[in-house]
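Protein sequence lines, in the order shown, are assigned to chains U and Z. Just add 2 to the spot in the first sequence (first one is 1) and you have this note's numbering. Just add 23 to the spot in the second sequence (first one is 1) and you have this note's numbering.
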Amino acid sequence: MKCWLRYIIGFSVMLFGFLGAWLLITGGESSFNHMALWDNSLLVRLPEDEKQAKRELQKARQALAKIRSSAPYIVIDTHANVLTLRTENSILLKATCSTGSGGELIDCNTGRRWIFNTPRGVFWVTSKLVEPWWRKPDWAFIEENERIPDDPRERLDPEMLGEYALGFGDDYFIHGTIYERLLGVNVTHGCVRLGSDDLKRLYNAVPIGTLIYIF
Amino acid sequence: MKFKIGWVILLLCGFLICTSLSSCKKNQPEQIYHTEQSDKKWDRQRADLEYRWIKTELALAKSEELYLVVDFLREEIQLRLKGALLWNYPIHIVETDSQEVREFAQRFQGDLERLIRPLSAKHLFAAQDKMPDSVLEIVGEVVKVDPGLLQREVPSRFQLLWGSDLTLEVRTDVVGEPKSPLKNALVELRHNLRRLFGEAHVIVKMDPEGAITLYRAARPGLPTLLYPPL
C-alpha cells in the first residue's frame, strides 16, 4: 500500500475516533444555548441611584406578589391524575381524578375526527351545576356503533355525570362518574372525573371564576 | 406578721415590674437599631440578584408555557404556570454533599450568571408499569381506548440534563425494569467521561407519584429557573 494512502486512512480513523468520543461525551448536544438570546436576566439591572433602585425593587416585588394568587385555585395534573385545590402555601384538597385518554376516534361515514385530550393551560370555573344531565355528543353514539338520534331528548343521560359538575373551557366539565374504580387512569374523553365525596367537597369550596390550571 | 408578708409581696411585685420594664426599654432601642441597620445596609449585589430573579420569573409568567423552578433556597423543585405554583416537591439530596449543589448552581449560572436554561434532554433508566397490561386490556375494552394509551410508567430512576455538564438524577423506591440496557450503558459511560472534564451531578429522592409528574412534565426545552443556595 502506498505510504500517503496509509496516512490518509490513519488520519481518517483518528478523526472518526475523536468525533465518536466527542459525541459520546456531549451526547451530540450543542453548546449553543438558544435561550441565552432572550434571557432577560442577563440584561436586567437595577438603576445606579440607590433610592431609585430601592423603588424599582419594591415595584418588582409587588408585581411578583400580584401573580401569586392569594385565592384558592384548582390544579389538575394530567400526568399523575391528581386534582388539588390549593393556594401558594397550602393544599386544601387533594383527590385522585381521571383525565383524557388521548385516544382518537374517526367517524368512517363522515370522516370526522376527535382526539380525547384534556385541554392544558389556564381556565376558570364558568358554571356550577347540581344533578347535571349529560347531553351526549355525536362521538358518544359513534363510539358505541349506535345511530345518532334525531330527537335531542334521546341524547340526554341523567346518570353519567354524577351529582355535581363544574364547567370550564370549551364545554369541558369536572364531574362525577359511575366508574369510580377507574379513577387514576387516563380514560376520559377530555373531561375530568372525580369521586363523589371529593366532587362534593370541591363543589362546595369553589365559587364561579375560580382559576383552573391544567398541565 | 400579715403586714410584713404583704409588704414583701408588694416589694417583689414591684421588683418584677421594674425588671420587666427595664428589659423592655433595653429591647426597644436594640430592635430599632437592627431595623435601622438593615435599612441602611443596602446590599447592592443581593438586590441586583433578587431583581433579576423577579424580572426573570415575571417574564416566564407572561408566557403560556409551564416552567420548572429548581429552588435550592427553599430546597424545592416546582412546576409553575403563569406564576402560579402547580406542583412542588422537597429536594431530598442523596449521595451528594453541599459542594455538589454549589457546583451545580455555579455551572448552571456560568460566567454570565444566567438564571434560566432550557432543559436539554431526559433519560429514563428504569421504570415499572403502573398497572398490569391484563387489567388495562379489560379497562380498554370497557372505555373503548387503546390499552397502550392508558399505561403509565412509574420511573425508578431518570435523569434531567441541562447542556453537557449538568445532571439532576431522580430516584424512587420503585424497582423497575431497565428501558434499554445498551442505551443505559452508553449514558453511564458518557457520564463517566464527562466527569473527567467536570460535571455537576445532583441526585434527589422522590416518591413514585412525584416522579411520574416530573418525568412526564419535563420535556426538552422546558424553561428552568434556578434559585442558587446562599
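Ideal Cβ placement from N, Cα and C applies to all residues, glycine included.
Practice task
Say whether chain U places a C-beta atom closer than 9 Å to the C-beta of Z:Arg239.
Solution key: Z:Arg239 counts as touching chain U.
Practice task
Count the other CB atoms, across all protein chains shown, that sit within 10 Å of the CB of U:Thr112; report buried if there are 16 or more and exposed otherwise.
Solution key: With fewer than 16 Cβ atoms within 10 Å of its Cβ, U:Thr112 is classed as exposed.
Problem - Below-9 Å beta-carbon distance, U:Ala207 vs any chain Z residue - result: With 9 Å as the cut-off, U:Ala207 does not count as an interface residue toward chain Z.
Exercise for the section: Please specify which runs of the beta strand (DSSP E), each continuous and at least 3 residues long, are wholly inside the stretch 117-155 of chain Z, giving them in chain order. Expected result: The qualifying runs are 139-141 and 144-152.
Practice task
Starting from Z:Gln174, trace the beta strand (DSSP E) both ways and give me its first and last residue.
Solution key: No beta strand (DSSP E) contains Z:Gln174, which DSSP labels as neither H nor E.
Handout entry: Where Z:Leu108 meets chain U, residues with beta-carbon distance less than 7 Å
Key = Correct list: Glu90.
Practice task
Following the continuous beta strand (DSSP E) through U:Asn83, name the residue where it begins and the one where it ends.
Solution key: Note, U:Asn83: premise wrong, no beta strand (DSSP E); not H, not E.
Exercise for the section: Take U:Ile69 as the anchor and find which of U:Glu90, U:Lys53, U:Thr86 and U:Leu59 has the nearest alpha-carbon. Expected result: That would be U:Glu90, whose Cα lies nearest to the Cα of U:Ile69.
Problem - CB contact check: Z:Asp156 to chain U, cutoff 9 Å - result: Answer no: the Cβ-Cβ gap between Z:Asp156 and chain U never drops below 9 Å.
Exercise for the section: Kindly indicate if chain Z contains any beta-carbon less than 9 Å away from that of U:His36. Expected result: For U:His36, the pLDDT reaches just 47, beneath the cut-off of 50, and the residue's location in the model is therefore unreliable, although a value from the coordinates is still provided. Closer than 9 Å to some Cβ of chain Z, the Cβ of U:His36 qualifies, so yes.
Practice task
With a threshold of 16 other CB atoms inside 10 Å of the CB of U:Asp173, please say whether the residue is buried or exposed.
Solution key: Sixteen is the threshold: since fewer than 16 other Cβ atoms of the shown chains lie within 10 Å of the Cβ of U:Asp173, the residue is exposed.
Exercise for the section: Grab the span of the beta strand (DSSP E) containing Z:Ile114 for me, first residue to last. Expected result: Counting along the chain, Z:Ile114 falls outside any beta strand (DSSP E), and DSSP gives it neither H nor E.
Problem - C-alpha distance - Z:Ile139 paired with Z:Leu248, whole-angstrom precision - result: Z:Ile139 and Z:Leu248 have their C-alpha atoms some 5 Å from each other.
Exercise for the section: State the start and end residues of the unbroken alpha helix (DSSP H) segment that holds Z:Glu73. Expected result: Run containing Z:Glu73: Arg67 to Lys85, per the alpha helix (DSSP H) assignment.
Handout entry: Straight-line gap, Z:Leu219 to Z:Gln182 (C-alpha atoms, nearest Å)
Key = Between Z:Leu219 and Z:Gln182, the C-alpha separation is close to 19 Å.
Handout entry: Candidates U:His191, U:Ala73 and U:Leu59, of which the one nearest Z:Val168 by Cα
Key = Here the closest residue by C-alpha is U:His191.
Handout entry: Boundaries of the alpha helix (DSSP H) in which Z:Gly233 is found, first to last residue
Key = According to the DSSP assignment, Z:Gly233 belongs to the alpha helix (DSSP H) that extends over Pro231 to Ala240.
Exercise for the section: Can you tell me which of the three DSSP states U:Tyr181 falls into? Expected result: Coil, per DSSP.
Practice task
State yes or no: is the beta carbon of U:Glu58 nearer than 9 Å to at least one beta carbon in chain Z?
Solution key: Using beta-carbon distances, U:Glu58 counts as an interface residue toward chain Z, with a partner under 9 Å.
Problem - Same chain, Cβ closer than 8 Å to Z:Pro243, neighbours up to 5 away in sequence not counted - result: Excluding sequence neighbours, Z:Pro243 sits near Pro141, Leu142, Ser143, Ala144 and Lys145.
Exercise for the section: Can you pull the chain U residues whose beta carbon is under 7 Å from the beta carbon of Z:Val168, in chain order? Expected result: Residues of chain U with a Cβ closer than 7 Å to the Cβ of Z:Val168 are, in chain order, Ser103, Gly105 and Val189.
Problem - Residue environment, Z:Tyr74, which counts as buried when at least 16 other CB atoms sit within 10 Å - result: Counting of Cβ neighbours within 10 angstroms places Z:Tyr74 among the buried residues, the total reaching 16 or more.
Problem - Residue from U:Asp159, U:Tyr181, U:Val189 and U:Phe143 with nearest C-alpha to Z:Arg175 - result: Answer by Cα proximity: U:Val189.
Exercise for the section: Identify, in the order they occur along the chain, each residue of the same chain with its Cβ nearer than 8 Å to the Cβ of Z:Ser45, setting aside the five sequence neighbours on each side. Expected result: At Z:Ser45 the pLDDT is 42, less than 50, meaning the model places this residue with poor confidence; the figure from the coordinates comes in the next sentence. Excluding its 5 nearest sequence neighbours in each direction, Z:Ser45 has no C-beta neighbour in its own chain below 8 Å.
Problem - Test: U:Glu182 CB closer than 9 Å to a CB of chain Z - result: No, its Cβ sits nowhere closer than 9 Å to a Cβ of chain Z.
Exercise for the section: May I have a chain-ordered list of the beta strand (DSSP E) segments no shorter than 3 residues that lie completely inside the stretch 102-155 of chain U? Expected result: With a minimum length of 3 residues, the unbroken runs of beta strand (DSSP E) contained wholly in the stretch 102-155 of chain U fall at 106-108, 115-117 and 123-132.
Handout entry: 8 Å Cβ shell around Z:Met229 - same chain, five flanking residues per side excluded
Key = Correct list, in chain order: Tyr112, His115, Val193, Arg194, Thr195 and Leu237.
Problem - Buried/exposed call for Z:Ala223, threshold 16 Cβ in 10 Å - result: Z:Ala223 comes out buried.
Problem - Enclosing beta strand (DSSP E) for Z:Leu275 [first to last residue] - result: Residue 275 of chain Z falls outside the range modelled here, since chain Z spans only 24 to 253, and no answer is possible.
Handout entry: Identified DSSP bridge partners for U:Ser100
Key = Residue pairing by DSSP puts U:Ser100 in a beta bridge opposite U:Arg195.
Practice task
Determine, using beta carbons only, whether Z:Pro178 and Z:Ala208 come nearer to each other than 9 Å.
Solution key: Not in contact: Z:Pro178 and Z:Ala208 (Cβ atoms no closer than 9 Å).
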